[in-house]
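Report on the structure given below.
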Amino acid sequence: MNRFSYARPGSVADALREVASNPAAKILAGGTNLVDLMKYEVERPTHLVDVSRLPGLKEIEETETGGLRIGALVTNTAAAYDERVKERYPLLSSAILAGATAQLRNAATTGGNLLQRTRCYYFYDAAMPCNKRVPGSGCPAKQGVNRIHAILGTSEHCIATHPSDMCVALAALEAVVKVAGPNGERDIPLADFHRLPGNMPEKDTNLHADEIVLAVELPEPRFAGKHHTYLKLRDRLSYAFALVSVAVALEMDGDRVAEARIALGGVAHKPWRVPEAEDLLRGKVPDRALFASVSQRLLEGAQGHGGNDFKVPLAHRAVIRALSQAAAGTPQSHTDKRIQ
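Residue numbers (this note's numbering): -16 to 323.
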């Protein structure tokens, strides 16, 4: 691990000054991702800015519009078990509990979850070329071991996937990320926060280098009932990243779908949404044929890279299963992880 300086600012303004003081500075909160990357020599910051004790970022608060504001330093455990989150945004609570271990959820923060680096064997191996670590060095995953890699939104430069479960639910719920920088605060819709790799796979998000995350804001709840699910398919039932995950929230009007939100994880460089696929459900009586049509639209253009070819049919089946669970009001349990 390289040598670095360390600062623990006492306010957001002080934190912003510390970040601006060094272009190689990194924000440290729970450290569940950054510290691992430092140990592997993937990240080599020369200055760490510890924001873990900043005031005002550890609360879950009501918003004026009837939603919730979850501070950047709220732990995953605190968010998942908050009664307001469980009651108004059960999809989010379920997605958080599907991820990691209890110990990691106790340390991991909301802001850190948003800023996780994308997942790839080659990215984590500093001895291998990787366009995310060293732009222009190549993407060996395309012809190498790529079982966990993306099938949507890839580019010739990168086929890595975003690892978060929480962010998939936040995408479906149309959350907004509140950030602060030297020019003040701004809002970034969750759909625009993460990036597809394109020609700059080293850049995971649209957060500026001199900005920090303050909170995630959830809109007024529309999908608070039982018609939701977070279905996570993985190589083992616990403590594994998703091969494919599906977050579904439905608002029902009798036996018809009034509104629908769907997001996929484990398939792209960011949580994957296609609003046009959701529109296919509006006003319809849900059935398997309709779900298959939605799946086809949602996964249009999906393509494997050899080792992950299986993900394409797996994702189709997962979408149909998740929509069936949500329509029936039988959300996937993350205590009994067997697929319902």
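For glycine and all other residues, C-beta sits at the position ideal for the given N, C-alpha and C.
Determine the closest residue to residue i out of the options, with distance taken between C-alpha atoms.
i      : options                             : result
His30  : Asn(-15), Leu233, Glu70 and Val199  : Asn(-15)
Gln315 : Leu80, Asp(-3) and Glu70            : Leu80
Gly167 : Gly(-7), Arg0, Tyr(-11) and Arg(-9) : Arg0
Pro6   : Val18, Pro(-8), Ala90 and Arg27     : Arg27
Ser120 : Ser4, Gly289 and Glu139             : Glu139
Ile409 : Asn59, Ala61 and Ile43              : Outside the modelled stretch of the chain, which goes from -16 to 323, sits residue 409, for which no answer is possible.
Pro202 : Thr46, Ala12 and Glu234             : Thr46
Lys161 : Ala(-10), Val199 and Leu220         : Val199
Arg116 : Asp319, Leu20 and Ile322            : Leu20
Gly240 : Leu216, Gln323, Leu273 and Phe176   : Rather than Gly, the amino acid found at residue 240 in this sequence is Val. The shortest Cα separation from Val240 among Leu216, Gln323, Leu273 and Phe176 belongs to Leu273.
Tyr222 : Tyr64, Gly287 and Arg88             : Arg88
Gly287 : Leu263, Ala12, Ala133 and Pro38     : Ala133
Ala311 : Thr318, Ala(-10), Pro118 and Glu234 : Glu234
Ala309 : Ala55, Asn59 and Ala232             : Ala232
Arg219 : Arg300, Leu197 and His317           : His317
Gly208 : Ala109, Thr313 and His177           : Thr313
Under the DSSP definition of a beta bridge, which residues are partnered with residue i?
i      : result
Asp211 : Strictly speaking, residue 211 in this sequence is His, with Asp absent from that position. Answer is Ala232, bridged to His211.
Pro172 : Val159
Glu200 : Arg52 and Val159
Ile10  : Val32
Asp227 : Looking at the sequence itself, residue 227 is Val, so the reference to Asp does not match. The partner list for Val227 (beta bridge, DSSP) reads Leu216.
Ile43  : Ile53
Cys141 : Ser138
Ala246 : Ala230
Ile322 : Its beta-bridge partners do not exist; DSSP assigns none.
His177 : Thr188
Val25  : According to DSSP, Val25 bridges with nothing at all.
Arg239 : Asp236
Gly167 : Gly164
Ala91  : The partner list for Ala91 (beta bridge, DSSP) is empty, contrary to what the question assumes.
Thr58  : Thr92
Tyr72  : DSSP output for Tyr72 lists no bridge partner at all.
Ser147 : Paired residue(s): none; Ser147 is not in a bridge.
Taking 8 Å as the cut-off, decide whether the C-beta atoms of residue i and residue j are in contact.
i      : j      : result
Ile195 : Val2   : yes
Phe206 : Arg244 : yes
Gly136 : Leu179 : yes
Tyr378 : Ala124 : Since the first residue shown for the chain is -16 and the last is 323, residue 378 is missing from the structure and cannot be characterised.
Val68  : Leu51  : yes
Gly95  : Asn16  : yes
Arg271 : Ile303 : yes
Leu74  : Ala155 : yes
His252 : Ala143 : yes
Lys41  : Val18  : no
Tyr213 : Ser307 : no
Gly290 : Asn129 : yes
His145 : Pro254 : yes
Gly248 : Asp148 : yes
Thr92  : Gly13  : yes
Leu97  : Cys150 : yes
Counting C-beta neighbours from all protein chains within 10 Å, is the total for residue i 16 or more, i.e. buried, or is it exposed?
i       : result
Pro184  : buried
Glu261  : buried
His191  : exposed
Thr48   : exposed
Gln126  : exposed
Gln86   : exposed
Val268  : exposed
Arg36   : exposed
Arg71   : buried
Asn182  : exposed
Lys22   : exposed
Val250  : buried
Ala61   : buried
Arg102  : buried
Gly34   : One detail in the question is off: residue 34 reads as Val in this sequence, not Gly. Buried, since its Cβ has 16 or more Cβ neighbours within 10 Å.
Leu263  : buried
Ala(-4) : exposed
Arg100  : buried
Ala152  : buried
Gly82   : buried
Is residue i close to chain D, meaning its C-beta is less than 8 Å from at least one C-beta of that chain?
i        : result
Phe(-13) : Looking for chain D here will not work: only one protein chain is present.
- Item | Any 3 or more C-beta pairs closer than 8 Å across the region 262 to 277 and the region 161 to 178 | no
ask   = Do the region 293 to 303 and the region 218 to 229 make contact, defined as three or more Cβ pairs closer than 8 Å?
value = yes
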